[in-house]
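See below for the structure under consideration.
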Amino acid sequence: RKEVEQDPGPFNVPEGATVAFNCTYSNSASQSFFWYRQDCRKEPKLLMSVYSSGNEDGRFTAQLNRASQYISLLIRDSKLSDSATYLCVAHPLFGNEKLTFGTGTRLTIIP
Amino acid sequence: EPEVTQTPSHQVTQMGQEVILRCVPISNHLYFYWYRQILGQKVEFLVSFYNNEISEKSEIFDDQFSVERPDGSNFTLKIRSTKLEDSAMYFCASNGRGQGGELFFGEGSRLTVL
Chain A
5 RKEVEQDPGP FNVPEGATVA FNCTYSNSAS QSFFWYRQDC RKEPKLLMSV YSSGNEDGRF
65 TAQLNRASQY ISLLIRDSKL SDSATYLCVA HPLFGNEKLT FGTGTRLTII P
Chain B
12 EPEVTQTPSH QVTQMGQEVI LRCVPISNHL YFYWYRQILG QKVEFLVSFY NNEISEKSEI
72 FDDQFSVERP DGSNFTLKIR STKLEDSAMY FCASNGRGQG GELFFGEGSR LTVL
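Order-wise, the sequence lines are chains A and B.
Throughout, the numbering used here is defined as the position within the first sequence, counted from one, plus 4.
Throughout, the numbering used here is defined as the position within the second sequence, counted from one, plus 11.
See below:
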C-alpha cells in the first residue's frame, strides 16, 4: 500500500463550484500533514498545514481524521487560478525528516 | 521575497557522465534538502543536510550521489555516473527550523540523461 494515496483525477470543475479532495495515509506514526500546490512543471508550494481541529484559509478548508487516516481539502468558489495539482504530504513528528508526498490530484477549473 | 535559486534550469548529459546541480538556499535557513520528481510521478525525498552533514537519506541516494556545502552559501548535489533513470526534475529546498515547518523549494533543475 502506498504511504500517501490520492485520486490522481483529473477533476474538471466549473468556475465557482466547490471541489473536495481526499487523501489517505498508511503510516500511523505520521504526525504532521500538509497540502502543497504544484503548477505544471513548477516547484511545489505550501498551500496549508492540516490540523486535527481543521483549519480554514479563505476559500480553502483542510481537515484531518486520524481515526480513519485521511486528510481532506475543500475549495469553495473555485477560481481559474486554482487549476493545479494538489499534493498531500505527510511527515512523522519524530525520527526521520523526510516529507512523504502523494502523487497529487490534478484540478482544472473550467470557465 | 527571499527564494531558493537553482542552476542549471536544464541539463542534458550522456549516460555515465558526472553532473553537479547547484542550489543557493534562503540565507538564514539551516536545513537543506534535495528531492526529485520523475516526469509524471510523485516528489521523492533524496537527502537532508544540517550542520554541514547529511542528517537523513533515502534508498534512492546511493553511492552515486553526494552533497556538499562548499562555501557556506551553495548547496550542491553531485551524481557521479549518471544513468538513464536519473532523468528527473531535481528540487532543492530549505527550511529555517526543520521539516516540521514549511519547505521552500527552488524552481528545479531538469536533468535529461541520454
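Quick reminder that beta carbons are idealized off the backbone N, C-alpha and C, glycines included.
{"query": "The region 101-120 of chain B / the region 36-44 of chain B touching (three or more Cβ pairs under 8 Å)", "result": "yes"}
{"query": "GLU12/B (DSSP reduced to helix, strand or coil)", "result": "coil"}
{"query": "Under 7 Å between C-beta atoms of ILE31/B and LYS89/B", "result": "yes"}
{"query": "Simplified DSSP assignment, three categories, for VAL97/B", "result": "In the sequence under discussion, the amino acid at residue 97/B is Asp, which differs from the Val named in the question. ASP97/B: helix per DSSP, three-state reduction."}
{"query": "Cβ of VAL54/B within 7 Å of any chain A Cβ", "result": "yes"}
{"query": "Separation of ASN31/A from GLU7/A, as counted between CA atoms", "result": "6 Å"}
{"query": "ALA21/A versus ARG80/A: straight-line alpha-carbon distance, rounded", "result": "7 Å"}
{"query": "Straight-line gap, PRO12/A to PRO18/A (C-alpha atoms, nearest Å)", "result": "18 Å"}
{"query": "Per-residue contacts from GLY119/B into chain A (C-beta, under 7 Å)", "result": "GLU47"}
{"query": "Whole-angstrom C-beta distance between VAL35/B and PHE116/B, which should lie under 8 Å", "result": "PHE116/B to VAL35/B, Cβ: 13 Å. No contact."}
{"query": "CA-to-CA distance, ARG45/A to THR104/A, given in whole angstroms", "result": "19 Å"}
{"query": "Coarse secondary structure for SER20/B, derived from DSSP in three states", "result": "coil"}
{"query": "Interfacial residues, the region 65-76 of chain B to chain A, with Cβ spacing under 7 Å", "result": "SER66, GLU67, SER69"}
{"query": "Spatial distance of ARG41/A from PRO48/A (CA atoms)", "result": "6 Å"}
{"query": "Contacting residues, own chain, Cβ-Cβ under 6 Å from ASP43/A (five flanking each side not counted)", "result": "ALA88"}
{"query": "N- and C-terminal bounds of the beta strand (DSSP E) containing THR28/A", "result": "23-29"}
{"query": "Beta-carbon spacing of SER56/A, PHE38/A below 7 Å", "result": "no"}
{"query": "CB of SER69/B within 7 Å of CB of PHE86/B, strictly", "result": "no"}
{"query": "Straight-line Cα distance separating SER59/B from ASP73/B", "result": "14 Å"}
{"query": "Residue-chain proximity (GLU113/B, chain A), Cβ-Cβ < 7 Å", "result": "yes"}
{"query": "Residues that GLY108/A contacts on chain B, provided the C-beta gap is smaller than 9 Å", "result": "LYS53, VAL54"}
{"query": "Cβ-heavy atom distance, TYR61/B to the ligand FMN, below 6 Å", "result": "You won't find the ligand FMN in this model; it holds no ligand whatsoever."}
{"query": "Simplified DSSP assignment, three categories, for LEU114/B", "result": "coil"}
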